[in-house]
Structure formats: structure tokens, C-alpha cells
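Colleague: Residue numbers (full-length UniProt numbering): 1 to 267.
All C-beta atoms in this analysis are idealised placements derived from N, C-alpha and C, irrespective of residue type, glycine included.
Computed from a prediction, not measured in an experiment: that's the story for all the values here.
Encoded structure:
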């Protein structure tokens, strides 16, 4: 009985000290994983993925990914400065890679700014605006620490709060696997940790602002998601496997576009 009460008290204290606020939405979230540990595990996972993947040699497409990614990254850093996240900026060392895989319709951004785009999503993005929708959304997940939040929830359920830090520090392979699952890396990494509906709404909302600040028209998010909805038939592409229905997403995005347009009109 004493152990149960002690554990309950400890978990309550950890929830209290690990609580943070998601920028713009103001939602309170809990993540037990230190940012530096999350970034270190992300870099390991990212480098492992690149070593196992074929990188594109298409100069034009690679440059487009770098160009759009750089503008979104600049927008993200400005966003972090304005939201009291100066320390987080120091952990971001942006890197952009295009992976040659026409069958995988996906892209991701890991903590620390490690970004990869699969060539399979480029026919859907069509141009820089479409790519900005994708990268803005994925960078928003990283800025809002959605992956760390999901990892904390799963680890808490499986191992208990007291074991979380020890597990991640003593089992780097476990940490790397969780990172890859939490950020939807690739098509063969096992069961993904799906983002919640709330996470997706936050990423869409923040992502629209990021792309608008980068000089990309947020209104192009609507036709992008319409195109994405038409891809894959009965089996949704990897990029949509943990996302809400396109119809509902488009409805929600339409409500957020007026706010994002305030930033876009500054260009």
C-alpha cells in the first residue's frame, strides 16, 4: 500500500514538473523526456535511416527540398524566439535530405531539425507551396514536442514514470526505435505511435503559420490535402496512416487560414 501511494505521489510530482505549454494553442502537455536526450536519440535514428536509404541524386528536387526547408526552418526559429523557446533553438541543427523512394508518400522532422522527404510525396506536393504545407506541418509536430509527449505516454503505460529516464539512457536502441515510431519514419519501422486528433489540429494550425511566415500561401494547403485524399485508393499512404480524415482536416484548416493569411500578407 505504501509503495502504491509513494508511486502515485511520485507520478503526480513528475506530471507537475514536466508540464509545459504548446505555443499558440496554449494546451498543457506532459513530457518526461529531456530535450537533449530526445535530440540525441533522434540524431542516432536519423543517421541510421540515412545509412539504410538511397539518397536522391536529382539536383533540382534536392535543391527544392533545401530551399523550402531552409525557409520553414527560419520561420520556425523566429517562432521559437517569440514563444520563449530560445534554449530550444540551440538544439536545432537543421539538415534536409531527399530519400529516393517513389513508393513511400511521407516526410518527417525529428527533434533537432533533422528533416527527410521521400520522393514519393513530390507528385502530390507538386510545387514549393505544396512541399511547404508538408514541411510546415512536420516541423510543427517537432516544435510542439508531440513525439516526446506520445513517447512519454507509452513509456508511462509500459514501464512506469520511475523507469522512463533509466530505460532511455540505458537502452539507446529502445530510445531510437521509439523515436522512429513516434515520428512516423519510413514504412517498415513497426507499429507507429499515432498522433492524436489534438496533435494534428495543433500541427496544422502551427504549420500554416510557419509556411505563411516563410512566404508560402497557406491557402494552398486545401488543394494539397485534396490531392492527398485522392492518393492510395483504399489503402492510405504512410503520411496519412495516423492522420484524421482529409474531409475533417480540410474543414478545420479552412477555419485557420484567415489567421495564417495575416502573416502571409506581410510578404
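Are residue 257 and residue 210 closer than 8 Å when you measure CB to CB?
Modeller: Here residue 257 is taken as the residue at index 257 of the chain shown, counted from 1. Here residue 210 is taken as the residue at index 210 of the chain shown, counted from 1. No. Outside cutoff.
Colleague: Should residue 262 be labelled buried (16 or more other beta-carbon atoms within 10 Å of its own) or exposed?
Modeller: For the purposes of this step, residue 262 is taken as the residue at position 262 of the chain shown. Answer is exposed; the Cβ neighbour count stays below 16.
Colleague: Any idea if residue 90 is buried or exposed, counting beta-carbon neighbours within 10 angstroms, 16 or more meaning buried?
Modeller: As a first step, residue 90 is located in the chain shown; it is residue number 90 there, counting from the start. Classification for residue 90: exposed.
Colleague: Name the two residues that bound the continuous alpha helix (DSSP H) containing residue 39.
Modeller: One-based indexing of the chain shown puts residue 39 at position 39. Looking at the DSSP string, the run of the alpha helix (DSSP H) that includes residue 39 is 35-51.
Colleague: Apply the 10 Å Cβ neighbour rule to residue 204 and answer buried if 16 or more other Cβ atoms are within range, or exposed otherwise.
Modeller: The residue you call residue 204 lines up with position 204 of the chain shown. It is buried - the Cβ of residue 204 has at least 16 other Cβ atoms within 10 Å.
Colleague: Find out if the Cβ-Cβ distance for the pair residue 80, residue 135 is shorter than 8 Å.
Modeller: Within the chain shown, the letter at position 80 stands for residue 80. Within the chain shown, the letter at position 135 stands for residue 135. Not a contact, by the Cβ cut-off of 8 Å.
Colleague: Under 7 Å Cβ to Cβ from residue 42, same chain only, skipping five residues before and after it: list those, please.
Modeller: As a first step, residue 42 must be located in the chain shown, where it is residue number 42. These residues qualify, in order along the chain: 110, 111, 112, 114 and 179.
Colleague: Please return the same chain residues whose Cβ sits closer than 7 Å to the Cβ of residue 51, not counting the five positions on each side in sequence.
Modeller: Walking along the chain shown from the start, residue 51 turns up at place 51. Answer for residue 51: no residue qualifies.
Colleague: Quick one: grab the DSSP three-state call for residue 100.
Modeller: Translated into the one-based positions of the chain shown, residue 100 becomes position 100. Coil at residue 100, not helix or strand.
Colleague: Between residue 75 and residue 36, what straight-line distance do the alpha-carbon atoms span, to the nearest angstrom?
Modeller: Translated into positions along the chain shown, residue 75 becomes position 75. Translated into positions along the chain shown, residue 36 becomes position 36. Straight-line Cα distance between these residues: approximately 22 Å.
Colleague: So if DSSP puts residue 68 in a beta bridge, which residue, or which two residues, is it bridged to?
Modeller: Walking along the chain shown from the start, residue 68 turns up at place 68. Its beta-bridge partners do not exist; DSSP assigns none.
Colleague: Based on the DSSP output, what are the partners of residue 28 in its beta bridges?
Modeller: Within the chain shown, the letter at position 28 stands for residue 28. The partner list for residue 28 (beta bridge, DSSP) reads 21.
Colleague: Grab the span of the beta strand (DSSP E) containing residue 116 for me, first residue to last.
Modeller: As a working note, residue 116 is residue 116 in the chain shown. That run of the beta strand (DSSP E) goes 114-118.
Colleague: Between 139, 247, 197 and 230, which has its C-alpha nearest residue 70's C-alpha?
Modeller: The residue given as residue 70 occupies position 70 in the chain shown. For the residues 139, 247, 197 and 230, the minimum Cα distance to residue 70 belongs to 139.
Colleague: What is the residue span of the alpha helix (DSSP H) that residue 228 lies within?
Modeller: In the chain shown, residue 228 corresponds to position 228, counting from 1. Per DSSP, residue 228 belongs to the alpha helix (DSSP H) from 221-229.
Colleague: Using only the alpha-carbon positions, how far apart do residue 105 and residue 87 sit?
Modeller: If you number the chain shown from 1, residue 105 lands on position 105. If you number the chain shown from 1, residue 87 lands on position 87. Distance between the alpha carbons of residue 105 and residue 87: 33 Å.
Colleague: Alpha carbon to alpha carbon, how far is residue 102 from residue 216?
Modeller: As a first step, residue 102 must be located in the chain shown, where it is residue number 102. As a first step, residue 216 must be located in the chain shown, where it is residue number 216. Between residue 102 and residue 216, the C-alpha separation is close to 25 Å.
Colleague: Give me, in chain order, the residues of the same chain whose beta-carbon lies closer than 8 Å to that of residue 59; leave out the 5 immediate sequence neighbours on both sides.
Modeller: Locating residue 59 in the chain shown gives position 59, where the first residue counts as 1. Cβ neighbours of residue 59 beyond the five flanking positions: none.
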